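**Q**
Protein chains in written order, with this note's numbering: chain A, 48 to 141; chain B, 764 to 1247.
Take a look at the structure:
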């Protein structure tokens, strides 16, 4: 299935990726050819096949709720692009 | 032989006989790195000062064993406390983790010495290490060729004698294909065998930590250390870890080996096929029973993989938004723009492409047609393997369709590049363990043989790989690099 520029723009918005006009054009072409390739899967009848999301049986893992030492706030904030009063600072949301 | 050329077990023997020191070994490693890494470009970050200090401290204590006092390299996807961890991406260019990943941490706890962080395709997305945001790594066997990927830096560093062993990760072939291209041993364990905690996520249901080594014995030694339950990774399985070194007995008499006809098709270079067929004859000579089998859904593994992996990636990489760490665009007027612009500036083309594909496959209206369909096909692929393993101990195939290709040769066309993973991806889809070991040469480049085992059957892989190694000398060849 061929992807239009409009669809590329919609997906880019979902993915929070700002694309320039060249990128939109290239992605429309490349994603279309990849989608055409993956549509090969439609050759296979899969009615009644149980989807396999995880290869091993996955169970909840529990542990006792005990207080343990964590990483100091300053160490974690050292990686932040912008900090104020010991908190992350971002541009206005509204 | 110089120290940097030796394996872990050879170095360990010298250490225990007091014939060398951790410091001498570490100095030898850095002398080698300074002599050849201008050409190979395997390392993103070197930790020389810390490594030398570490070595002195270990020598002072004077206790050696397993990997104590042995330098190692770590793919730059593993968080290392206080050491920059970039994932070969601009978005994490200045990220310094506050903790060690479990796998790397277990090596450090055994007094393994970190020599540095190794180059890779950005976020482990690629098959050539050309997608690193910083620079491509070159294949030590021929500097105009790629080392494979995504763990290309790890494979190249081991092949070039820059480190005796290195950690990597494998989501669709990212350990085995570069091991094949660089002529070293590379193991992707069973999904759940090694903790993924502190490993930057690409596709969580497929990612697995593994190791590169110069021979099978070293690979087993490292696996003994990094395997086993970790309370910090709920997918890391609570099963006892057998002593993998104990399976190195060289005996494959009566071992039932299957080779899938779908892995020996015209798309696979005939020289590569010949090398594997010769290896299969060798196994027969050694007393194994070799038979052809079919894995009928093989051709569907790659398209299913590119849906599952990219869908998971699009979710995993949502965390890079410029808020808590990583690159931020400071021009944006509002927070949504900040996310979109930071991500646009920080991610490379292949990462964007996969995020886009994954977001599309998960988007409303397409989820059933793409993602769910891929998960159903995944079941069929896993079932193919189960059926074979009901009657066989081991499956053998080529690791990659060709030997290493030229830098720049495939970078223009994503689909062509994806085809490199056609023989390795099905194993990740089924969560099985698989190893690549050197088994021949073509055009002066190494050929890798892939050994695939049943879930948690790593011991069988080690047994078969070791027997092959004992009866051949492919693992003894090293590239001739010009020393500066």
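Beta carbons are placed, not taken as given, at the ideal position from N, Cα and C, and that holds for glycine. Since the model is a prediction, treat every value here as computed from it, not as a measurement.
Got a sec, what are the start and stop residues for the beta strand (DSSP E) residue 141(A) sits in?
**A** For the purposes of this step, residue 141(A) is identified with residue 94 of the first chain, where counting begins at 1. That residue, residue 141(A), is in no beta strand (DSSP E); it is neither H nor E in DSSP.
**Q** DSSP on residue 1182(B), reduced to helix/strand/coil?
**A** Here the question's residue 1182(B) lines up with position 419 in the second chain. If DSSP states are grouped into helix, strand and coil, residue 1182(B) belongs with the helices.
**Q** What residues in its chain sit with their C-beta under 6 Å from that of residue 987(B), if we drop five residues either side in the sequence?
**A** Counting from one through the second chain, the residue named residue 987(B) turns up at place 224. These residues qualify, in order along the chain: 1007.
**Q** Would residue 1077(B) and residue 1121(B) qualify as a contact pair, given that the criterion is a beta-carbon distance under 8 Å?
**A** In the second chain, residue 1077(B) corresponds to position 314, counting from 1. In the second chain, residue 1121(B) corresponds to position 358, counting from 1. Yes, they are a contact pair.
**Q** With a threshold of 8 Å, are at least 3 pairs of Cβ atoms found where one atom belongs to the stretch 1029-1047 of chain B and the other to the stretch 1127-1136 of chain B?
**A** Cβ pair count under 8 Å is below three, so no.
**Q** Would you give the residue range spanned by the beta strand (DSSP E) that residue 1215(B) belongs to?
**A** Looking up residue 1215(B) in the second chain gives position 452. It spans 1208-1215 - the beta strand (DSSP E) in which residue 1215(B) sits, taken as one unbroken run.
**Q** Mind listing which residues of the stretch 849-862 of chain B have their C-beta closer than 9 Å to chain A's C-betas, in chain order?
**A** Listed by position, the residues of the stretch 849-862 of chain B near chain A (Cβ gap below 9 Å) are 857, 858, 859, 860, 861, 862.
**Q** Short of 8 Å Cβ to Cβ, which residues in the stretch 984-1008 of chain B face chain A?
**A** Within the stretch 984-1008 of chain B, the qualifying residues are 994, 997, 998, 1000.
**Q** Applying the 10 Å Cβ sphere with the 16-neighbour rule, what's the burial state of residue 867(B)?
**A** As a first step, residue 867(B) is located in the second chain; it is residue number 104 there, counting from the start. So residue 867(B) ends up on the buried side.
**Q** Output the boundary residues of the alpha helix (DSSP H) element that contains residue 1101(B).
**A** Residue 1101(B) sits at position 338 when you count from the first residue of the second chain. From DSSP, the alpha helix (DSSP H) with residue 1101(B) extends over 1098-1109.
**Q** Smallest Cα separation from residue 1239(B): which of 965(B), 1201(B), 1106(B), 785(B)?
**A** As a first step, residue 1239(B) is located in the second chain; it is residue number 476 there, counting from the start. Among 965(B), 1201(B), 1106(B), 785(B), the Cα nearest to that of residue 1239(B) is on 1201(B).
**Q** Going residue by residue through the stretch 955-1024 of chain B, where are the continuous beta strand (DSSP E) segments of at least 3 residues, counting only ones entirely within it?
**A** The stretch 955-1024 of chain B contains these whole beta strand (DSSP E) runs: 971-976, 1019-1023.
**Q** So for residue 1234(B), helix, strand or coil by DSSP?
**A** For the purposes of this step, residue 1234(B) is taken as the residue at position 471 of the second chain. Coil.
**Q** How would you list, in chain order, the residues of chain B whose beta-carbon sits under 7 Å from the beta-carbon of residue 111(A)?
**A** Translated into positions along the first chain, residue 111(A) becomes position 64. Per Cβ cutoff of 7 Å: no residues; residue 111(A) is ~11 Å from chain B at best.
**Q** Measure the alpha-carbon distance for residue 1191(B) versus residue 960(B) and round it to whole angstroms.
**A** Locating residue 1191(B) in the second chain gives position 428, where the first residue counts as 1. Locating residue 960(B) in the second chain gives position 197, where the first residue counts as 1. Their backbone Cα atoms lie some 18 Å apart in a straight line.
**Q** Contact check, residue 903(B) vs residue 919(B) under 8 Å by CB: the rounded distance?
**A** The residue given as residue 903(B) occupies position 140 in the second chain. The residue given as residue 919(B) occupies position 156 in the second chain. At roughly 6 Å, the Cβ-Cβ gap stays under 8 Å, so residue 903(B) and residue 919(B) are in contact.
**Q** Write down every uninterrupted run of the beta strand (DSSP E) in the stretch 1025-1107 of chain B whose length is 3 residues or greater and which is fully enclosed by it, in chain order.
**A** Listed in chain order, they are 1052-1056.
**Q** Whose CA, out of 1064(B), 1235(B), 1205(B), 962(B), lies closest to the CA of residue 89(A)?
**A** The sequence position of residue 89(A) within the first chain is 42, counting from 1. The option with the nearest alpha carbon to residue 89(A) is 1064(B).
**Q** So, with DSSP's three-state summary, where would you put residue 880(B)?
**A** Within the second chain, the letter at position 117 stands for residue 880(B). Correct three-state label for residue 880(B): strand.
**Q** Using a Cβ-Cβ cut-off of less than 7 Å, list which residues of the stretch 71-94 of chain A approach chain B; keep chain order.
**A** Those would be 74, 77, 78, 80, 81, 84, 85, 87, 88, 91, 93, in chain order.
**Q** Would you grab the beta carbon distance between residue 1211(B) and residue 966(B) for me? Rounded to a whole angstrom, and I think it's under 8 Å.
**A** To locate residue 1211(B), count along the second chain from 1; it is residue 448. To locate residue 966(B), count along the second chain from 1; it is residue 203. Their Cβ separation, rounded to whole angstroms, is 23 Å, which puts residue 1211(B) and residue 966(B) out of contact at 8 Å.
**Q** Give me whichever residues DSSP pairs with residue 948(B) in a beta bridge.
**A** Counted from its first residue, the second chain places residue 948(B) at position 185. According to DSSP, residue 948(B) bridges with 976(B).
**Q** So what's residue 135(A) in DSSP terms, helix, strand or just coil?
**A** Start at 1 with the first residue of the first chain, and residue 135(A) comes out as number 88. Strand, per DSSP.
**Q** Considering just the uninterrupted stretch of the alpha helix (DSSP H) at residue 1190(B), what are its terminal residues?
**A** Reading the second chain from its first residue, position 427 is the one you call residue 1190(B). Where residue 1190(B) is concerned, the enclosing alpha helix (DSSP H) stretches over 1188-1193.
**Q** Along chain A, in chain order, which residues have C-beta atoms closer than 7 Å to that of residue 1067(B)?
**A** Here the question's residue 1067(B) lines up with position 304 in the second chain. Simply 88.
**Q** Residue 140(A): buried (16+ other C-beta within 10 angstroms of its C-beta) or exposed?
**A** Residue mapping note: residue 140(A) aligns to position 93 of the first chain, counting from 1. Per the 10 Å Cβ criterion, exposed.
**Q** If you draw a straight line from the C-alpha of residue 1091(B) to the C-alpha of residue 1209(B), how long is it?
**A** Residue mapping note: residue 1091(B) aligns to position 328 of the second chain, counting from 1. Residue mapping note: residue 1209(B) aligns to position 446 of the second chain, counting from 1. So the two alpha carbons sit approximately 42 Å from each other.
**Q** Under a three-way DSSP split, which group does residue 815(B) fall into?
**A** Within the second chain, numbered from 1, the residue matching residue 815(B) stands at position 52. It is helical.
**Q** I'd like to know if residue 108(A) contacts chain B, where contact means its C-beta is closer than 8 Å to some C-beta of that chain.
**A** Here residue 108(A) refers to the residue found at position 61 when the first chain is read from its first residue. Closer than 8 Å to some Cβ of chain B, the Cβ of residue 108(A) qualifies, so yes.
**Q** Does any residue of chain B have a CB that is nearer than 8 Å to the CB of residue 51(A)?
**A** For the purposes of this step, residue 51(A) is taken as residue 4 along the first chain, with counting starting at 1. No, residue 51(A) lies away from the interface with chain B (no Cβ there is under 8 Å from its Cβ).
**Q** In terms of alpha-carbon separation, which member of 1112(B), 1084(B), 1089(B) lies closest to residue 1099(B)?
**A** Within the second chain, numbered from 1, the residue matching residue 1099(B) stands at position 336. Comparing Cα-Cα distances from residue 1099(B) to each of 1112(B), 1084(B), 1089(B), the minimum goes to 1084(B).
**Q** Mind checking if residue 1171(B) is an interface residue toward chain A, Cβ cutoff 8 Å exclusive?
**A** The count along the second chain starts at 1 and reaches residue 1171(B) at position 408. Chain A, which has no Cβ nearer than 8 Å to the Cβ of residue 1171(B), makes this no.
**Q** Could you check if residue 1029(B) is buried or exposed, using at least 16 other CB atoms within 10 Å of its CB as the buried criterion?
**A** As a first step, residue 1029(B) must be located in the second chain, where it is residue number 266. Exposed: under 16 other Cβ atoms inside 10 Å.
**Q** Suppose the cutoff is 7 Å on Cβ atoms and the five residues either side in sequence are ignored; what does the same chain contact list for residue 873(B) look like?
**A** Here the question's residue 873(B) lines up with position 110 in the second chain. So the qualifying residues of the chain are 829, 830, 831, 988.
**Q** Give the DSSP-derived three-state secondary structure of residue 712(B) in the structure shown.
**A** Residue 712(B) cannot be examined here, being either before or after the span of chain B that is shown, 764 to 1247.
**Q** Any idea what DSSP makes of residue 917(B), helix, strand or coil?
**A** To locate residue 917(B), count along the second chain from 1; it is residue 154. Three-state DSSP puts residue 917(B) in a helix.
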